[in-house]
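Chemist: If you scroll down you'll find the structure; I have some questions about it.
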Amino acid sequence: MGSIELVCPAGSPAMLRAAIEAGADSVYCGLRDDTNARNFPGLNFSPAELRDSVAWAHDHGAKVLLAVNTFARAGAGDRWRASVDAAAGTGVDAVIVADLGVLAHAREAHPGLRLHLSVQAAAGSPEAIDFYAEAYGVKRVVLPRVLSVEEIAALMREITVETEAFVFGGLCVMAEGRCALSSYVTGRSPNLSGVCSPPEAVTYTEEEGALVSRLGGLALDRYAPGEPAGYPTLCKGRFDVDGGLSYLFEDPVSLNAMSLLAALRRAGVTAVKVEGRQRGKAYVARVASAFRAAIDALDQGVDPAPFERLLSDLAEGGRETAGAYRKTWR
Amino acid sequence: MTDPIQLTLGPLLFNWAPDRIRDFYARVADEAPVDRVYLGEVVCGKRAPLLDAALADAAERLTHAGKTVVWSTLGLPALRRDRKSIAVLAAEQEMLIEINDISALRGRTGPFVAGPLLNVYNEGAARELMARGCVRLCANVELSLDAVSAVAAACPGLEIELFAFGRLPLALSGRCYHARHHGLHKDACQFICDRDPDGLALKTLDGRDFLAVNGVQTLSHGVQLVDAGPATLKAAGVTALRLSPHTADMVAVASALRDRADGRIDAAELAARIVASGPPGALVGGYLRGDAGLRPVGAPS
Numbered sequence: 001m002g003s004i005e006l007v008c009p010a011g012s013p014a015m016l017r018a019a020i021e022a023g024a025d026s027v028y029c030g031l032r033d034d035t036n037a038r039n040f041p042g043l044n045f046s047p048a049e050l051r052d053s054v055a056w057a058h059d060h061g062a063k064v065l066l067a068v069n070t071f072a073r074a075g076a077g078d079r080w081r082a083s084v085d086a087a088a089g090t091g092v093d094a095v096i097v098a099d100l101g102v103l104a105h106a107r108e109a110h111p112g113l114r115l116h117l118s119v120q121a122a123a124g125s126p127e128a129i130d131f132y133a134e135a136y137g138v139k140r141v142v143l144p145r146v147l148s149v150e151e152i153a154a155l156m157r158e159i160t161v162e163t164e165a166f167v168f169g170g171l172c173v174m175a176e177g178r179c180a181l182s183s184y185v186t187g188r189s190p191n192l193s194g195v196c197s198p199p200e201a202v203t204y205t206e207e208e209g210a211l212v213s214r215l216g217g218l219a220l221d222r223y224a225p226g227e228p229a230g231y232p233t234l235c236k237g238r239f240d241v242d243g244g245l246s247y248l249f250e251d252p253v254s255l256n257a258m259s260l261l262a263a264l265r266r267a268g269v270t271a272v273k274v275e276g277r278q279r280g281k282a283y284v285a286r287v288a289s290a291f292r293a294a295i296d297a298l299d300q301g302v303d304p305a306p307f308e309r310l311l312s313d314l315a316e317g318g319r320e321t322a323g324a325y326r327k328t329w330r
Numbered sequence: 001m002t003d004p005i006q007l008t009l010g011p012l013l014f015n016w017a018p019d020r021i022r023d024f025y026a027r028v029a030d031e032a033p034v035d036r037v038y039l040g041e042v043v044c045g046k047r048a049p050l051l052d053a054a055l056a057d058a059a060e061r062l063t064h065a066g067k068t069v070v071w072s073t074l075g076l077p078a079l080r081r082d083r084k085s086i087a088v089l090a091a092e093q094e095m096l097i098e099i100n101d102i103s104a105l106r107g108r109t110g111p112f113v114a115g116p117l118l119n120v121y122n123e124g125a126a127r128e129l130m131a132r133g134c135v136r137l138c139a140n141v142e143l144s145l146d147a148v149s150a151v152a153a154a155c156p157g158l159e160i161e162l163f164a165f166g167r168l169p170l171a172l173s174g175r176c177y178h179a180r181h182h183g184l185h186k187d188a189c190q191f192i193c194d195r196d197p198d199g200l201a202l203k204t205l206d207g208r209d210f211l212a213v214n215g216v217q218t219l220s221h222g223v224q225l226v227d228a229g230p231a232t233l234k235a236a237g238v239t240a241l242r243l244s245p246h247t248a249d250m251v252a253v254a255s256a257l258r259d260r261a262d263g264r265i266d267a268a269e270l271a272a273r274i275v276a277s278g279p280p281g282a283l284v285g286g287y288l289r290g291d292a293g294l295r296p297v298g299a300p301s
């Protein structure tokens with residue numbers, strides 16, 4: 001069994017170098033516009049920065065994957081096609097794509113460019129994955145975070161392309177690419193604009209001695225004095241159903257599936273992925289080095305368990321889960 | 001003169017009892033001015049075995065009444081059984097079907113409607129689907145009318161349907177929120193989503209109506225209404241309006257939208273008649289204006 005590829009996020013050239021120096025095999029990043037799904041102010045790469053970063057990564061034995069993973073805006077497909085063309089020109093190792101039209105352009109204009117299917121394409125069945133492989137020559141699929149390890153293992157027996165699974169960071173509880181909650185409240189969403197629960201719609205206010213977090217004016221959670229306040233991501237909010245308050249969709253936890261690395265490798269997963277291009281170089285250096293150590297331990301037949309607790313303070317909201325990989329709610 | 005705008009009835013999204021389903025479609029067949037009815041379980045594959053017989057009866061009744069019946073595929077296949085149900089429909093190459101997950105495209109050569117749960121956001125994606133047999137697109141609910149218009153303009157011959165009435169289908173999950181709310185496991189859910197024929201209402205902490213849970217699906221609490229008149233719709237390339245089934249008086253809803261689509265009533269009268277039909281939430285319409293979906297219908301922000 002070969003080693004598992006560690007794919008880490010890079011929101012800037014400095015973060016890219018930090019990830020690679022800490023042990024990432026590959027980094028993924030986006031251009032500075034709405035063609036990528038982390039379209040936050042101050043984040044991402046200019047074409048020149050991308051070119052220099054690809055050269056630097058290749059000199060250091062690492063790969064660069066460019067995320068052009070939002071859905072092109074109607075009537076503005078030129079920008080998405082230009083991102084793919086820019087990627088091809090800078091020698092990136094693959095482009096991560098979700099949109100059928102962008103896939104078609106990449107296939108036609110750059111037949112040699114390696115294509116990975118973004119998690120935003122929501123391809124969770126063998127039939128969907130085969131369709132993308134046959135129609136567009138997709139070589140790797142980033143798996144939806146709704147699958148358990150057993151389901152991934154079963155899936156791998158029916159498909160021929162590589163897979164990549166998220167193992168750390170923010171956790172979508174809805175099927176990625178199939179969620180419009182954010183645009184319903186703010187007008188902007190992952191599929192429309194490359195952002196979820198966008199920061200400009202967030203406010204925190206003091207009300208009756210409590211801190212209330214809001215998105216688009218809607219109260220999503222309330223914190224007692226001294227309690228750590230979370231970011232008001234819609235699906236992590238507290239809601240009132242029949243008069244009872246609960247985190248109906250998901251508790252405010254984030255994903256840490258380090259304990260499942262061995263199972264994911266046994267299932268045949270090619271690469272594991274860390275979320276968080278928006279979280280900076282200190283974050284990525286710590287996460288990359290912890291996962292590097294765990295993967296190296298696995299490769300040497302050593303128990304990686306001691307590395308699991310290295311990252312618990314990084315979780316958004318301070319709490320972690322192995323997510324759908326262990327389907328306790330089944 | 002261009003053709004009148006069609007009215008269609010979308011697939012029933014909720015877990016209604018078989019008798020209720022039969023009665024509902026019998027009335028639609030006899031009284032509702034809709035041209036086409038989509039049938040089939042698109043939300044949760046576990047429900048399908050309970051409802052298949054009732055839906056088959058509905059299909060027969062509707063066909064006899066002169067309605068076109070189009071079967072819709074499941075939106076988020078989770079189990080082998082779900083995949084099989086999609087493959088069985090997709091293999092009917094001579095029959096028009098509605099596709100709600102990319103799974104159904106594998107091996108499909110016959111004509112299909114791209115349903116609103118597919119991610120088609122632009123003309124490039126629409127053209128890819130047309131090359132594979134797509135004859136009609138029911139636009140994803142996030143799209144503005146300007147975006148729909150741009151897709152239509154770049155895709156001559158593609159019929160365009162808008163989600164014109166009903167709670168908006170906003171998200172699908174692997175997890176069942178009805179089961180979670182009632183402390184049940186998904187595999188032993190007792191089909192408890194049948195308690196909420198329009199979905200389980202959810203409010204924000206400050207008491208505002210917000211969403212409605214329907215098993216693995218999350219809908220808006222607000223009810224979308226497309227109130228544009230026929231000239232605006234036709235200029236945008238829209239050829240059909242989709243009504244999503246609710247406990248409201250759907251014959252009244254269809255009659256009101258028929259009158260609006262034919263230019264007999266204005267937006268204000270449409271809204272008044274829709275409110276009188278008993279929709280399960282306030283009327284919203286932000287998405288069509290490129291705004292947040294929960295903004296009220298007819299009220300630019």
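Order-wise, the sequence lines are chains C and U.
Mapping of the first sequence onto the working numbering: residues 1 to 330, in sequence order.
Mapping of the second sequence onto the working numbering: residues 1 to 301, in sequence order.
We treat Cβ as the ideally placed atom computed from N, Cα and C, and that holds for glycine.
Computed from a predicted model, the values in this text were never measured in an experiment.
Compare the C-alpha of U/Gln6 against each of U/Val284, U/Lys234, U/Ile265, U/Asp209 and name the closest.
Modeler: Against the second sequence, residue 6 of chain U aligns to sequence position 6. Among U/Val284, U/Lys234, U/Ile265, U/Asp209, the Cα nearest to that of U/Gln6 belongs to U/Lys234.
Chemist: Near C/Met15, which residues of its chain fall below 7 Å by C-beta distance, leaving aside the five closest residues on each side in sequence?
Modeler: As a working note, residue 15 of chain C is residue 15 in the first sequence. For C/Met15, where only same-chain residues beyond five positions count, the Cβ hits under 7 Å are Gly280, Lys281, Val284.
Chemist: Under a three-way DSSP split, which group does U/Cys138 fall into?
Modeler: Residue 138 of chain U sits at position 138 when you count from the first residue of the second sequence. Here U/Cys138 sits in strand by DSSP.
Chemist: Considering Cα atoms alone, identify which of U/Asn15, U/Phe210, U/Ala87 is closest to U/Ala54.
Modeler: Reading the second sequence from its first residue, position 54 is the one you call residue 54 of chain U. Selected option, being the one with the closest Cα: U/Asn15.
Chemist: U/Ile86 and U/Ala59 - do their beta-carbons sit closer together than 8 Å?
Modeler: Residue numbering aside, residue 59 of chain U sits at position 59 when the second sequence is read from its first letter. Residue numbering aside, residue 86 of chain U sits at position 86 when the second sequence is read from its first letter. Contact flag unset, no.
Chemist: The beta strand (DSSP E) with U/Asp57 in it runs from where to where?
Modeler: Counting from 1 along the second sequence, the entry for residue 57 of chain U is found at position 57. Premise fails: U/Asp57 lies in the alpha helix (DSSP H), 48-64, not in any beta strand (DSSP E).
Chemist: If distances are taken between C-alpha atoms only, which option among C/Asn44, C/Pro126, C/Glu49, C/Ser197 comes closest to C/Gly237?
Modeler: What you label residue 237 of chain C is simply residue 237 of the first sequence in a count that begins at 1. Minimum Cα distance to C/Gly237 is reached at C/Ser197.
Chemist: Using a Cβ-Cβ cutoff of less than 6 Å, which residues in the same chain neighbour C/Asp303 once the five nearest sequence positions on both sides are dropped?
Modeler: Working through the first sequence from its first residue, we reach residue 303 of chain C at position 303. Contacts found: none.
Chemist: The beta strand (DSSP E) that contains C/Asp221, what's its start and end?
Modeler: Within the first sequence, numbered from 1, the residue matching residue 221 of chain C stands at position 221. First-last of the beta strand (DSSP E) with C/Asp221: 218-223.
Chemist: Three-state secondary structure (DSSP) at C/Asp240?
Modeler: As a working note, residue 240 of chain C is residue 240 in the first sequence. Looking at C/Asp240 - three-state DSSP - the assignment turns out to be strand.
Chemist: Residues in the segment 186-202 of chain C with C-beta within 7 Å of chain U's C-beta atoms, listed in sequence order?
Modeler: Within the segment 186-202 of chain C, the residues whose Cβ lies closer than 7 Å to some Cβ of chain U are Thr186, Gly187, Ser189, Asn191, Leu192, listed in chain order.
Chemist: Beta strand (DSSP E) containing C/Thr160: first to last residue?
Modeler: Position 160 of the first sequence, counting from 1, holds the residue named residue 160 of chain C. Per DSSP, C/Thr160 belongs to no beta strand (DSSP E) and is neither H nor E.
Chemist: Over the uninterrupted beta strand (DSSP E) stretch that includes C/Leu66, give me the two end residues.
Modeler: Position 66 of the first sequence, counting from 1, holds the residue named residue 66 of chain C. Per DSSP, C/Leu66 belongs to the beta strand (DSSP E) from 63-68.
Chemist: Count the other C-beta atoms from every protein chain shown that fall within 10 angstroms of the C-beta of U/Ser301, then say buried if there are 16 or more, exposed otherwise.
Modeler: On the second sequence, position 301 is the one that residue 301 of chain U refers to. Residue confidence for U/Ser301 is low, a pLDDT of 44 falling below 50, so the modelled location carries little weight; the figure read from the coordinates is stated next. Under this definition U/Ser301 is an exposed residue.
Chemist: Is the beta carbon of C/Val149 sitting closer than 8 Å to the one on C/Ala267?
Modeler: Working through the first sequence from its first residue, we reach residue 149 of chain C at position 149. Working through the first sequence from its first residue, we reach residue 267 of chain C at position 267. Yes, they are a contact pair.
Chemist: By how many angstroms is the C-alpha of U/Val37 removed from the C-alpha of U/Ile97?
Modeler: Reading the second sequence from its first residue, position 97 is the one you call residue 97 of chain U. Reading the second sequence from its first residue, position 37 is the one you call residue 37 of chain U. Each residue's alpha carbon lies about 11 Å from the other.
Chemist: Is the Cβ of U/Arg83 closer than 8 Å to any Cβ of chain C?
Modeler: Position 83 of the second sequence holds residue 83 of chain U. Chain C contact via Cβ: present.
Chemist: Let me see if you follow: with CB-CB separation under 8 Å, is U/Phe112 close to chain C or not?
Modeler: Within the second sequence, numbered from 1, the residue matching residue 112 of chain U stands at position 112. U/Phe112 does not count as touching chain C.
Chemist: Would U/Leu172 pass as a contact of U/Val135 if the rule is Cβ separation under 8 Å?
Modeler: Position 172 of the second sequence, counted from the start, is the residue given in the question as residue 172 of chain U. Position 135 of the second sequence, counted from the start, is the residue given in the question as residue 135 of chain U. No, these two residues do not count as a Cβ contact at 8 Å.
Chemist: With the cut-off set at 8 Å, would you say U/Gly45 and U/Leu74 are in Cβ contact?
Modeler: In the second sequence, residue 45 of chain U corresponds to position 45, counting from 1. In the second sequence, residue 74 of chain U corresponds to position 74, counting from 1. In this structure, U/Leu74 lies closer than 8 Å to U/Gly45 by Cβ.
Chemist: Just verifying my parser: in three-state terms, what is the DSSP assignment at C/Thr90?
Modeler: Here residue 90 of chain C refers to the residue found at position 90 of the first sequence. C/Thr90 falls in the helix class under three-state DSSP.
Chemist: Would you please verify whether the beta carbon of U/Lys203 is less than 8 Å from any beta carbon of chain C?
Modeler: Taking the first residue of the second sequence as position 1, residue 203 of chain U is located at position 203. Yes, its Cβ sits closer than 8 Å to a Cβ of chain C.
Chemist: So, is the C-beta of C/Asp130 closer than 8 Å to a C-beta in chain U?
Modeler: As a working note, residue 130 of chain C is residue 130 in the first sequence. It does: the Cβ of C/Asp130 has a partner Cβ on chain U nearer than 8 Å.
Chemist: Would you say C/Val146 reaches chain U, if we count a Cβ-Cβ gap shorter than 8 Å as a contact?
Modeler: Locating residue 146 of chain C in the first sequence gives position 146, counting from the first residue. Closer than 8 Å: yes.
Chemist: For a contact meaning CB atoms closer than 9 Å, what does C/His105 contact in chain U?
Modeler: Locating residue 105 of chain C in the first sequence gives position 105, where the first residue counts as 1. Residues of chain U passing the Cβ test: Gly124.
Chemist: Counting only Cβ-Cβ distances shorter than 7 Å, please list the residues of the segment 169-202 of chain U near chain C, keeping chain order.
Modeler: Correct list: Leu170, Ala171, Leu172, Ser173, Gly174, Arg175, Tyr177, Arg180, His181, His185, Lys186, Asp187, Leu200, Leu202.
Chemist: Would C/Ser274 and C/Val92 qualify as a contact pair, given that the criterion is a beta-carbon distance under 8 Å?
Modeler: Start at 1 with the first residue of the first sequence, and residue 274 of chain C comes out as number 274. Start at 1 with the first residue of the first sequence, and residue 92 of chain C comes out as number 92. Here residue 274 of chain C is Val; the residue named in the question, Ser, does not match the sequence. No. Outside cutoff.
Chemist: Between which two residues does the beta strand (DSSP E) holding U/Lys234 run?
Modeler: Residue 234 of chain U sits at position 234 when you count from the first residue of the second sequence. Where U/Lys234 is concerned, there is no enclosing beta strand (DSSP E), although the alpha helix (DSSP H) it sits in stretches over 230-235.
Chemist: Can you tell which of U/Gln93, U/Gly40, U/Arg80, U/Pro49 has its C-alpha closest to the C-alpha of U/Val69?
Modeler: Residue numbering aside, residue 69 of chain U sits at position 69 when the second sequence is read from its first letter. Of U/Gln93, U/Gly40, U/Arg80, U/Pro49, the residue nearest in Cα terms is U/Gly40.
Chemist: Which stretch, first to last residue, makes up the beta strand (DSSP E) that contains U/Thr68?
Modeler: Stepping through the second sequence from its first residue, residue 68 of chain U is reached at position 68. 68-72 is the span of the beta strand (DSSP E), which, as asked, contains U/Thr68.
Chemist: Give, in chain order, every residue of the segment 210-224 of chain U whose Cβ lies closer than 8 Å to some Cβ of chain C.
Modeler: Taking 8 Å as the Cβ-Cβ cut-off against chain C, the residues of the segment 210-224 of chain U that qualify are Phe210, Leu211, Val213, Thr218, Ser220.
Chemist: For U/Asn100 versus U/Leu118, is the C-beta distance shorter than 8 Å?
Modeler: Position 100 of the second sequence holds residue 100 of chain U. Position 118 of the second sequence holds residue 118 of chain U. Result yes, Cβ atoms of U/Asn100 and U/Leu118 sit closer than 8 Å.
Chemist: In chain U, which residues lie with their C-beta within 8 Å of the C-beta of C/Asp240?
Modeler: Locating residue 240 of chain C in the first sequence gives position 240, counting from the first residue. What C/Asp240 touches in chain U: Leu202, Lys203, Thr204, Leu205, Gly207.
Chemist: Check whether the Cβ of U/Asn100 lies closer than 8 Å to any Cβ atom in chain C.
Modeler: Taking the first residue of the second sequence as 1, we reach residue 100 of chain U at position 100. By this cut-off, U/Asn100 is not an interface position.
Chemist: Contact check, U/Gly124 vs C/Ala123 under 8 Å by CB: the rounded distance?
Modeler: Working through the second sequence from its first residue, we reach residue 124 of chain U at position 124. Working through the first sequence from its first residue, we reach residue 123 of chain C at position 123. At roughly 18 Å, the Cβ-Cβ gap does not stay under 8 Å, so U/Gly124 and C/Ala123 are not in contact.
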